[in-house]
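A.B. asks: Below is a structure I'd like to ask you about.
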Amino acid sequence: MSAADLDPRAVPGVPMAPALPRPAPGAGVLRWLRGRHWGRATVIGIPFGFLVVFFSLPFLVVLKMSVSETEGVQFKDLVSFADGTLTLQFKLANYQFLVTDPLYLRTYASSVKYAALNTVFCLAIGYPFAYFMTRARATLRPILVMLVSLPFWTSYLLRIYAWKGLLDDHGVFNNLLVWLHLIDEPIKMMYTPYSMMIGMVYTYLPFMILPLYGTLVKSDPRLLEAAGDLGTTPWKAFWLITVPLSKAGIIAGSMLVFIPSVGEYVIPELLGGPQTLMIARVLWDEYFQNVDWPMASAVAVTMIGLILVPLVIFNRYQSGVGEEPGRAKAGGGAR
Amino acid sequence: MTATSPSALASPLAVVPAAAAPGDAGFLRVDHLTKRFGEVAAVDDIVLSIRKGEIFALLGSSGCGKSTLLRMLAGFETPSSGGIYLEGKEISGLRPFERPINMMFQSYALFPHLTVWENVAFGLKRHQQPRDKVAAQVERMLALVQLKPYAQRKPHQLSGGQQQRVALARSLALEPRLLLLDEPLGALDRKLRAQTQFELQSIIKSVGVTCVLVTHDQEEAMTMADRIAVMSAGKLVQVGAPREIYETPASRFVADFIGNVNLFDGVLVEDEVDHCVVETPAGRFYVGHGITGVKGQRLSVALRPEKIEIATRAPERTDVNCLRGRVVESAYFGASSVYRVALGDGSRLQVSEPNSERHAEVIRVGTDVFATCSPDALVVLVS
């Protein structure tokens, strides 16, 4: 089974050391159990099992729904046996509809677009931020990390609501601008793609900054000195050394921002407008407005599929790091 | 010539004769250089002149300021005062990437995401060289350090010794006017170090580059350098050839820092042109060189352990350069034996004897011995 089986300590019934007074019965079994790394297995296994069960069960239910025939409010079984025939039936009409109806395609596209924009903005703002955090005095850094995670101390919903108060036609910003006579009448900020993007970037920025900070803080300042010594300006050294070496942080941060942004519901709902239809909203409508559960399920399954794409790329990258001996980029041309 | 000058790169590796021709005394001049960190002067008013083609070692224990001095040469630290002149030109105002100086960093600082080839090419590419020239130079450098088969490896796939050679190739690729080595062998284990020492020295000499190295290892400094500067508390204590520093240390600090030494504090009783006599509690010393001192002056006499002979029988003269004592410790090292002898005044004398005969008389612990030395073995230290 495992390497632990070969461990001599794991052999059952190994006699206890004679020096020990009165070996407890079953000590051999205990030792055997210990040899199998039960502690580690438990610590990893329980939450892992929990996640697997409570992610895959609902997912399978949803997946089943998406391909089920309905009979009134009842779902028909996928497998049926009648007249001596075993039938396995998948209804793919929902998926067919999904890829043919421009509404869904457009919504998926706009979800991915806003999620991608959000990722780009978070990266553009978060990277310099994380970089200068690592350049701050060592005593100051924990405080900066705490400040970045400070928004988590209050409810996410409340914070999004607060933006409503700031961006409203008679909100703080508009009032201020009018009072400063920079504008004559309020600018429409709320319920536009802009207000939604502001909310998204605001919400997801910490998820970008923290992993970036984590990788950047480990970077070796001597590498930049070495680059400078070899004739590189600090700006170039940043692009040639710092950025490539923080790739893992960039990817992790981008995943943490992109994936949940695709399915974001609250922010487009509260801050977005008619132009910012995103897939979570369609999902909501299918479930609770149209009560078309199979269709809603198909939408949900497709969304998960969509998110899997970047995850697979991410995994591919991670397993590729470290080896790849012959990635002859610069060397290739010289041969 | 500046770092960005293409002609510096276009020329093939100049193969200068190995012997450091003592020309150009002021190739690199360090002029009253001081670096203060707050109140502390890490480098304190240092004046130094390094010859062209020379390997020059800055030797000192940690915190003596040697690394700070090196970093000022490289441009990573700005001097608080004083100047640095390379071939007569003031360079202390130039930033690191503007100096025709390259450094091999302590534990190398190789770029982990780049291959060996790309690491070596890094500096060359920054100087807008045509691709074929870059390639040719990288190949030449890899051949020089015998790493051609490893060109496509990443640094973490190399052994410590190989990484060190990549670092050397990278710092030599731009054909710097001055090469700086920061603890070049510090990251290697002992056995590899001895071998690498000579390899590194011969590569540097074959390229003919002037080189300043920083080390805390006296053996490393002695074997590699043409001249050594011993540093302590931000100041230069003594500058000289390895032999000079060992045989004629200028101060108690240097005598003690380089190798093992027996020091005797005493009073000057006689001072002539060709000799002087010092009276110490351990005995009277007749020293084979004169000093310009005053009678009664307090000073010390230094005596290296290997320059002492011990015997159980009394020598002809016992009034000078002869110490009586009893062996309290002995250790046999094969090539030599080391003894500790308790002297009459309570001090301990360290003696190192070559085992030149296979069946010589064994001097055991507890034996009463006479320790003698020639007048030439002794050095008087005034400070």
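Chains as they are written, first to last, in my numbering: chain A, 1472 to 1806; chain B, 269 to 651.
C-beta atoms are modelled at their ideal positions from N, C-alpha and C, and glycine is treated no differently.
(1) So, with DSSP's three-state summary, where would you put Val650(B)?
(2) Indicate whether at least one CB of chain B lies closer than 7 Å to the CB of Phe1540(A).
(3) Ends of the alpha helix (DSSP H) at Ile1815(A)?
(4) Using a 10 Å radius around the Cβ and a threshold of 16 neighbouring Cβ atoms, would you call Gly1803(A) buried or exposed?
(5) Shortest alpha-carbon distance to Thr580(B) belongs to which of Asn387(B), Leu591(B) and Glu386(B)?
(6) Can you check whether the C-beta of His300(B) is within less than 7 Å of a C-beta belonging to chain A?
(7) Beta-carbon within less than 7 Å of Arg461(B)'s beta-carbon, same chain only, minus the 5 sequence neighbours each way: which residues are those?
(8) Using alpha carbons as the reference points, say which of Met1660(A), Pro1664(A) and Cys1593(A) lies closest to Ser1582(A).
(9) With 8 Å as the C-beta to C-beta threshold (strictly closer), list the residues of the segment 1681–1710 of chain A near chain B in chain order.
(10) Quick one: using the 10 Å Cβ neighbour count with 16 as the cut-off for buried, is Ala289(B) buried or exposed?
(11) Take the Cβ of Pro444(B) as the centre, count every other Cβ of all protein chains shown within 10 Å, and call the residue buried at 16 or more, exposed below.
(12) Give a yes or no on whether the minimum CB-CB distance between Tyr1788(A) and chain B is below 7 Å.
(13) To the nearest angstrom, report how far apart Val311(B) and Val384(B) are at their CA atoms.
(14) Give the C-beta separation of Glu345(B) and Gly351(B) to the nearest angstrom, bearing in mind that I take them to be a contact with Cβ-Cβ under 8 Å.
(15) Determine which residues of the segment 1657–1674 of chain A have a Cβ less than 8 Å from any Cβ of chain B, and write them out in chain order.
(16) Under the three-state reduction of DSSP, which class applies to Phe1678(A): helix, strand or coil?
(17) Name the chain A residues that come within less than 7 Å of Phe344(B), Cβ to Cβ?
(18) Considering just the uninterrupted stretch of the alpha helix (DSSP H) at Met1617(A), what are its terminal residues?
(19) How about Val546(B) and Val569(B): are their beta carbons less than 7 Å apart?
(20) Please report whether the beta-carbon of Pro417(B) lies at a distance below 7 Å from any beta-carbon of chain A.
(21) Is Met371(B) close to chain A? Criterion is C-beta to C-beta, closer than 7 Å.
(22) Of all the options Gly634(B), Arg632(B) and Leu571(B), which has the alpha carbon lying nearest to the alpha carbon of Ala645(B)?
(23) Could you work out which residues of chain B lie near Ile1722(A), taking near to mean beta carbons separated by less than 9 Å?
(24) Between the C-alpha atoms of Tyr1673(A) and Gly1744(A), what's the straight-line distance to the nearest angstrom?
(25) Cα-Cα, which of Ala1586(A), Ala1607(A) and Leu1522(A) is closest to Leu1727(A)?
(26) Using a beta-carbon distance cut-off of less than 7 Å, what residues from the segment 328–360 of chain B approach chain A?
(27) Would you kindly check if the distance between the Cβ of Val1688(A) and the Cβ of Thr1605(A) is under 7 Å?
(28) Among the residues of its own chain, which have a CB less than 7 Å from the CB of Pro1731(A), if the five just before and after it don't count?
(29) Would you decide whether Ala628(B) is buried or exposed? Buried here means 16 or more other CB atoms lie within 10 Å of its CB.
(30) For the alpha helix (DSSP H) holding Glu654(B), just list the boundary residues, first then last.
(31) Using a 10 Å radius around the Cβ and a threshold of 16 neighbouring Cβ atoms, would you call Trp1710(A) buried or exposed?
(32) Please identify, using Cβ separations under 9 Å, the residues of the segment 395–414 of chain B that lie next to chain A, in order along the chain.
C.D. replies: This is what the structure gives:
(1) Position 382 of the second sequence, counted from the first residue, corresponds to residue 650(B). DSSP places Val650(B) in coil when its eight states are reduced to three.
(2) As a position in the first sequence, residue 1540(A) is number 69, starting the count at 1. Inspection of the sequence shows that residue 1540(A) is occupied by Glu rather than by Phe. Answer no: the Cβ-Cβ gap between Glu1540(A) and chain B never drops below 7 Å.
(3) Because chain A is modelled from 1472 through 1806, residue 1815(A) falls outside the range shown and cannot be assessed.
(4) One-based indexing of the first sequence puts residue 1803(A) at position 332. Residue placement at Gly1803(A) is flagged as unreliable, the pLDDT there being 34, under the threshold of 50; the coordinate-derived value follows with that caveat. Flag for Gly1803(A) reads exposed.
(5) Position 312 of the second sequence, counted from the first residue, corresponds to residue 580(B). The shortest C-alpha separation from Thr580(B) is found at Leu591(B).
(6) Here residue 300(B) refers to the residue found at position 32 when the second sequence is read from its first residue. Answer no: the Cβ-Cβ gap between His300(B) and chain A never drops below 7 Å.
(7) Within the second sequence, numbered from 1, the residue matching residue 461(B) stands at position 193. Correct list, in chain order: Leu453.
(8) Residue 1582(A) sits at position 111 when you count from the first residue of the first sequence. If we check each option's Cα against that of Ser1582(A), Pro1664(A) comes out closest.
(9) Asp1691, Arg1693, Leu1694, Glu1696, Ala1697, Ala1698, Gly1699, Asp1700, Leu1701, Gly1702, Thr1703, Thr1704 and Lys1707
(10) As a first step, residue 289(B) is located in the second sequence; it is residue number 21 there, counting from the start. Because the pLDDT at Ala289(B) is just 42, under 50, the model does not fix this residue reliably, and the point stays unresolved.
(11) For the purposes of this step, residue 444(B) is taken as the residue at position 176 of the second sequence. Buried.
(12) As a working note, residue 1788(A) is residue 317 in the first sequence. Output row for Tyr1788(A): interface = no.
(13) Here residue 311(B) corresponds to residue number 43 of the second sequence, with the count starting at 1. Here residue 384(B) corresponds to residue number 116 of the second sequence, with the count starting at 1. Roughly 35 Å separates the two Cα atoms.
(14) As a first step, residue 345(B) must be located in the second sequence, where it is residue number 77. As a first step, residue 351(B) must be located in the second sequence, where it is residue number 83. Not confirmed; about 14 Å, so no contact.
(15) none
(16) Position 207 of the first sequence, counting from 1, holds the residue named residue 1678(A). Looking at Phe1678(A) - three-state DSSP - the assignment turns out to be helix.
(17) Indexing the second sequence from 1 puts residue 344(B) at position 76. Those within 7 Å of Phe344(B) in chain A are Glu1696.
(18) In the first sequence, the residue the question calls residue 1617(A) occupies position 146. Counting along the chain, the alpha helix (DSSP H) containing Met1617(A) begins and ends at Arg1612 to Ser1620.
(19) Stepping through the second sequence from its first residue, residue 546(B) is reached at position 278. Stepping through the second sequence from its first residue, residue 569(B) is reached at position 301. Contact flag set, yes.
(20) Numbered from 1 along the second sequence, position 149 holds the residue referred to as residue 417(B). Output row for Pro417(B): interface = no.
(21) Here residue 371(B) corresponds to residue number 103 of the second sequence, with the count starting at 1. With 7 Å as the cut-off, Met371(B) counts as an interface residue toward chain A.
(22) The residue labelled residue 645(B) in the question sits at position 377 within the second sequence. Residue Leu571(B) is the option with its Cα nearest to Ala645(B).
(23) Numbered from its first residue, the first sequence carries residue 1722(A) at position 251. Correct list: empty, because the minimum Cβ distance to chain B is about 14 Å.
(24) Working through the first sequence from its first residue, we reach residue 1673(A) at position 202. Working through the first sequence from its first residue, we reach residue 1744(A) at position 273. For Tyr1673(A) and Gly1744(A), the distance between alpha carbons rounds to 18 Å.
(25) As a working note, residue 1727(A) is residue 256 in the first sequence. Comparing Cα-Cα distances from Leu1727(A) to each of Ala1586(A), Ala1607(A) and Leu1522(A), the minimum goes to Ala1586(A).
(26) Ala342 and Phe344
(27) As a first step, residue 1605(A) is located in the first sequence; it is residue number 134 there, counting from the start. As a first step, residue 1688(A) is located in the first sequence; it is residue number 217 there, counting from the start. Going by C-beta atoms, Thr1605(A) is nearer than 7 Å to Val1688(A).
(28) Within the first sequence, numbered from 1, the residue matching residue 1731(A) stands at position 260. Correct list: empty, nothing qualifies.
(29) Translated into positions along the second sequence, residue 628(B) becomes position 360. By the neighbour-count rule (16 or more Cβ atoms within 10 Å), Ala628(B) is not buried but exposed.
(30) Residue 654(B) lies beyond the residue range present for chain B, which begins at 269 and ends at 651; the question has no answer from this structure.
(31) Taking the first sequence and counting its residues from 1, one reaches residue 1710(A) at position 239. So Trp1710(A) counts as exposed.
(32) His395, Arg399, Asp400, Val402, Ala403, Ala404, Val406 and Glu407
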